[in-house]
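What follows is a set of notes on a single structure, which appears directly below.
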Amino acid sequence: MSFLRQQLLFIGVAFLSACIGVYIGWGDAFTLKKFYLYIGYNKVLFAVLFNYAIIQLFFIATGRQYTALILSQIFVMFLNFINQKKQQYLFSNLSPE
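Under the working numbering, the final residue of the sequence shown carries the number 129; numbering is consecutive throughout.
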């Protein structure tokens with residue numbers, strides 16, 4: 033039963049992290065209706081599965097449950113930061129005026 037509880041914790045943290053990532057990514061355009069519509073998309077499912085895989089990899093590497101959760105979430109925050117900066121760069125006006 034401990035294994036099942038651990039996996040449910042990992043999936044719950046992955047889902048919460050994906051939801052927070054969606055919230056941060058939207059910024060000021062966040063509304064609850066849009067959020068519930070977005071949760072149904074495959075992007076959120078992929079984000080949860082990716083986050084879950086990262087948690088599992090850190091758990092295999094460290095062997096400690098809470099250390100794996102903390103390190104994986106730091107890694108995911110770093111990836112989200114890189115993605116946000118990439119989006120700012122891609123949508124900026126690079127032509128001289």
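Quick reminder that beta carbons are idealized off the backbone N, C-alpha and C, glycines included.
Owing to the predicted nature of the structure, the values given are computational and were not obtained by experimental measurement.
Along the chain, where does the alpha helix (DSSP H) that runs through residue i open and close?
i: Y73; result: Taken as a continuous stretch (DSSP letters only), Y73 belongs to no alpha helix (DSSP H), as it is neither H nor E.
i: S124; result: Segment: none, S124 is in no alpha helix (DSSP H) and carries neither H nor E.
Are the Cβ atoms of residue i and residue j separated by less than 8 Å?
i: S49; j: Q97; result: no
i: G53; j: A85; result: no
i: L103; j: F90; result: yes
i: F42; j: I114; result: no
i: N112; j: I56; result: yes
So is residue i buried or exposed if we call it buried at 16+ other beta carbons inside 10 Å?
i: A93; result: exposed
i: G44; result: exposed
i: N83; result: buried
i: L101; result: buried
i: F110; result: exposed
What would DSSP say about residue i, mapped onto helix, strand or coil?
i: T99; result: helix
i: T94; result: helix
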